[in-house]
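Chemist: One structure follows; several queries about it will come next.
Numbering (full-length UniProt numbering), first residue to last: 1 to 580.
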């Protein structure tokens, strides 16, 4: 009976035993949590530090001024390792200075010099040099409100990339809200020869990287650039630092300078571990070669000591510090590999093809075609191919020139306002209204509200067209054709205003230089005049009469209306799709 009673005793109080086990487990978890909280936080293994190498001449005035500024400004910078190198005290530092000067093709080197973020700057000017150094340690992130790619890129940049590189300040600039941001992106696009700088775009380590493909691919591309300009941070506790986004600061994981860590410790650590702190020492490992920088603004310099076995270089007059100007980086995800063609940047063809398509649709509008066909139907009675070609060709050429001037004016207005989201929405609503009216004209031609040449203006057009036919001289006929072309362009604005307004707004979104914008306008005009040129060629060759029937006009209205309606909806709902 005792064994039986014992078994009953062991199993008779399951609730008490469960409470005891639960308390033990809960106590153990609390103990582990306490240990975790008490333990010093370690820096993530992947965190990397920027390195600022400063080459100085201890007895030189500018070197002393630069040293004082850097010690005050950067000695406590989180995630940044400073390496002060007095080239008069150590031959290896002097030799490294000359290697960098040769690599960056510095004809007239000077001191102090700075190697940071794959950039080599020299000279010191209290008004200019601090901004140059800060730019080298800043990652500029260009975005735009309403851009879906920008929204997808933000967490990758500010939650993954920024904590990995705490020595860099990540600054977000919205090109849709700030004219200064748009100007800055345009300036960088010109500097790095990026033809179509859209958003998102990152300026880092002397490169401008444009676009966002996906989180993994884009992070890898950005990380590769920063990794090449940084070192693995030494293990130490972390704290938080501030990342600047527009007018807001965001906290990200960062390095805290441990007790006893100072500028001199960092310098000694850098010199004792050259494989980790020193940038590449051989020519093969140095950053890509770059052309000398512009020398528009002057930076005073001290003359460096001679390289061993070399004569002392002459003291250099005030010159700007050369910075690497790398070849423009391809936009993320833009390059595709095709059979027979190899690597093709599809985005480079996207805008030209889009321009041709919209220009062709705009050219096939019934307003302009009606006037040209009426003029040709009168000219064909002359049975003189040369005169028909001369007069009708003049009409088409002047019409194209007038339309180009009209679109250039639209472009100027768009460059002031088109990047603003309210203006985009206004243009989108205008496109929806104009497109809907054109589509309505297909089903109810000239019923209700319509966008066509007013009936009251047609007698004037008829009269001027007949004057061309009865002109006494060819010059009089050409002058009449030119005047008629300008008149018709003003009258047909109701038919065509929607497409030029939206196209120039889309062109502005690409943020290209002015000359490229006008090249695209010329391409648009070439497509716009294509159908007119075909009609003139057909009449000259066949000497036949052609007339735009009502059904043909309705079909053209439908096509242009659908295109305008579609572009208006995209501007309203998905403007990021128009970043070609």
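Backbone N, C-alpha and C define an ideal beta-carbon position, used for all residues, glycine too.
1) Is residue 217 helix, strand or coil by DSSP?
2) Going by other Cβ atoms of all chains shown within 10 Å of its Cβ, with 16 needed for buried, is residue 352 buried or exposed?
3) Identify the residues that DSSP records as bridge partners of residue 55: which are they?
4) Alpha carbons only, please: which of 222, 562 and 168 is nearest the one belonging to residue 364?
5) So, residue 138 versus residue 164, is the Cβ gap smaller than 8 Å?
6) Which residue's Cα is closest to the Cα of residue 525: 514, 503 and 513?
7) Using the C-alpha atoms, what's the distance from residue 574 back to residue 507?
8) In chain order, what residues of the same chain lie with their CB nearer than 8 Å to the CB of residue 528, ignoring the 5 residues before and after it?
9) Give the secondary structure of residue 326 by DSSP, where H, G and I count as helix, E and B as strand, and everything else as coil.
10) Which residues does DSSP list as the beta-bridge partners of residue 362?
11) Measuring only the C-alpha atoms, how far is residue 130 from residue 65?
12) What residue ranges within the stretch 169-198 form continuous beta strand (DSSP E) runs of no fewer than 3 residues, ordered along the chain?
13) Is the stretch 47-61 touching the stretch 79-89 in the sense that three or more CB pairs, one from each, lie closer than 8 Å?
14) Can you tell me whether DSSP reads residue 128 as helix, strand or coil?
15) In three-state terms, what does DSSP make of residue 50?
16) Looking at C-alpha atoms only, which residue of 69, 119 and 558 is the closest neighbour of residue 435?
17) Could you check how far apart the C-beta atoms of residue 499 and residue 437 are, in whole angstroms? I think they sit under 8 Å.
18) Short of 7 Å in beta carbon distance, which residues of its chain neighbour residue 393, apart from the five on each side in sequence? Order them along the chain.
19) Can the beta-carbon of residue 208 be found less than 8 Å from the beta-carbon of residue 215?
20) Residues in the same chain with beta-carbon distance under 7 Å from residue 153, minus the five sequence neighbours each way, listed in chain order, please.
21) Starting from the Cα of residue 147, find the closest Cα among 510, 103 and 517 and give me that residue.
22) Comparing C-alpha positions only, which one of 541, 532 and 512 sits nearest to residue 189?
23) Do residue 439 and residue 568 have their CB atoms nearer than 8 Å?
24) Would you report the Cα separation of residue 233 and residue 516, rounded to the nearest angstrom?
25) Could you tell me if residue 311 is buried or exposed, where buried requires 16 or more neighbouring beta carbons within 10 angstroms of its beta carbon?
26) Here's the rule: buried if 16 or more other CB atoms are within 10 angstroms of the residue's CB, otherwise exposed. What is residue 473?
27) What separation, rounded to the nearest whole angstrom, lies between the Cα atoms of residue 193 and residue 486?
28) Are there 16 or more other CB atoms within 10 angstroms of the CB of residue 221, so buried, or fewer, so exposed?
29) Over what stretch of residues does the alpha helix (DSSP H) that includes residue 534 continue unbroken?
30) Is residue 473 helix, strand or coil when you go by DSSP?
31) Taking only the alpha-carbon atoms, compute the straight-line gap between residue 150 and residue 143 and give it to the nearest angstrom.
32) Roughly how many angstroms separate the alpha carbons of residue 410 and residue 373, rounded to a whole number?
33) Using 10 angstroms around the beta-carbon of residue 127, count the other beta-carbons present and answer buried if the total reaches 16, otherwise exposed.
34) Under the three-state reduction of DSSP, which class applies to residue 119: helix, strand or coil?
35) Considering only residues of the same chain and omitting the five flanking positions on each side of residue 521, which have a CB-CB separation below 7 Å?
Modeler: So, to answer that:
1) For this step, residue 217 is matched to residue 217 along the chain shown. Helix at residue 217.
2) Working through the chain shown from its first residue, we reach residue 352 at position 352. So residue 352 ends up on the exposed side.
3) As a position in the chain shown, residue 55 is number 55, starting the count at 1. Answer is 85 and 113.
4) Here the question's residue 364 lines up with position 364 in the chain shown. The option with the nearest alpha carbon to residue 364 is 562.
5) Within the chain shown, the letter at position 138 stands for residue 138. Within the chain shown, the letter at position 164 stands for residue 164. Taking 8 Å as the Cβ cut-off, residue 138 and residue 164 do not qualify as a contacting pair.
6) Here residue 525 corresponds to residue number 525 of the chain shown, with the count starting at 1. Ranking 514, 503 and 513 by Cα distance to residue 525 puts 503 first.
7) Counting from one through the chain shown, the residue named residue 507 turns up at place 507. Counting from one through the chain shown, the residue named residue 574 turns up at place 574. Cα to Cα, the separation comes out at about 15 Å.
8) For the purposes of this step, residue 528 is identified with residue 528 of the chain shown, where counting begins at 1. Result list for residue 528: 359, 360, 362, 363, 400 and 403, in chain order.
9) One-based indexing of the chain shown puts residue 326 at position 326. Note that residue 326 scores a pLDDT of 42, beneath 50, so its modelled location is shaky and nothing firm can be said.
10) As a working mapping, residue 362 is identified with position 362 in the chain shown. Residue 362 is not bridged to any residue.
11) Residue 130 sits at position 130 when you count from the first residue of the chain shown. Residue 65 sits at position 65 when you count from the first residue of the chain shown. Residue 130 and residue 65: Cα-Cα distance of roughly 11 Å.
12) 169-174
13) yes
14) Counted from its first residue, the chain shown places residue 128 at position 128. Note: residue 128 maps to coil in three-state DSSP.
15) Taking the chain shown and counting its residues from 1, the one referred to as residue 50 is at position 50. DSSP places residue 50 in strand when its eight states are reduced to three.
16) Here the question's residue 435 lines up with position 435 in the chain shown. Of the candidates 69, 119 and 558, the one whose C-alpha sits nearest the C-alpha of residue 435 is 558.
17) As a working note, residue 499 is residue 499 in the chain shown. As a working note, residue 437 is residue 437 in the chain shown. In fact, because the Cβ distance is near 13 Å, the residues do not count as touching under 8 Å.
18) Your numbering for residue 393 matches position 393 in the chain shown. The answer, listed in chain order, is 536.
19) As a first step, residue 208 must be located in the chain shown, where it is residue number 208. As a first step, residue 215 must be located in the chain shown, where it is residue number 215. Not in contact: residue 208 and residue 215 (Cβ atoms no closer than 8 Å).
20) For the purposes of this step, residue 153 is identified with residue 153 of the chain shown, where counting begins at 1. These residues qualify, in order along the chain: 200, 212 and 218.
21) Walking along the chain shown from the start, residue 147 turns up at place 147. With distances taken between Cα atoms, residue 147 lies closest to 510.
22) Working through the chain shown from its first residue, we reach residue 189 at position 189. Comparing Cα positions, the closest option is 512.
23) As a working mapping, residue 439 is identified with position 439 in the chain shown. As a working mapping, residue 568 is identified with position 568 in the chain shown. No, Cβ-Cβ distance for residue 439 and residue 568 is not below 8 Å.
24) On the chain shown, position 233 is the one that residue 233 refers to. On the chain shown, position 516 is the one that residue 516 refers to. Cα to Cα, residue 233 sits roughly 44 Å from residue 516.
25) The residue you call residue 311 lines up with position 311 of the chain shown. Low local confidence applies: a pLDDT of 40 at residue 311 is under 50, so the model's placement there is unreliable, with the coordinate-based value given in what follows. Classification of residue 311: exposed, given that the 10 Å Cβ count is below 16.
26) Sequence index remark: in the chain shown, residue 473 carries index 473 (1-based). Exposed: under 16 other Cβ atoms inside 10 Å.
27) Against the chain shown, residue 193 aligns to sequence position 193. Against the chain shown, residue 486 aligns to sequence position 486. Spanning the two alpha carbons is a distance of roughly 38 Å.
28) On the chain shown, position 221 is the one that residue 221 refers to. The residue is buried, with at least 16 neighbouring Cβ atoms inside 10 Å.
29) In the chain shown, counting from the first residue as 1, residue 534 sits at position 534. Residue 534 -> alpha helix (DSSP H) spans 530-542.
30) Residue 473 sits at position 473 when you count from the first residue of the chain shown. Reduced to three states, the DSSP call for residue 473 is coil.
31) Numbered from its first residue, the chain shown carries residue 150 at position 150. Numbered from its first residue, the chain shown carries residue 143 at position 143. If I take the Cα positions, the gap works out to 6 Å.
32) Along the chain shown, one-based indexing puts residue 410 at 410. Along the chain shown, one-based indexing puts residue 373 at 373. Going from the Cα of residue 410 to the Cα of residue 373 covers about 28 Å.
33) In the chain shown, counting from the first residue as 1, residue 127 sits at position 127. By the 10 Å Cβ count, residue 127 comes out exposed.
34) Here residue 119 corresponds to residue number 119 of the chain shown, with the count starting at 1. Three-state DSSP puts residue 119 in a strand.
35) Position 521 of the chain shown, counted from the first residue, corresponds to residue 521. Contacts found: 404, 407, 408 and 411.
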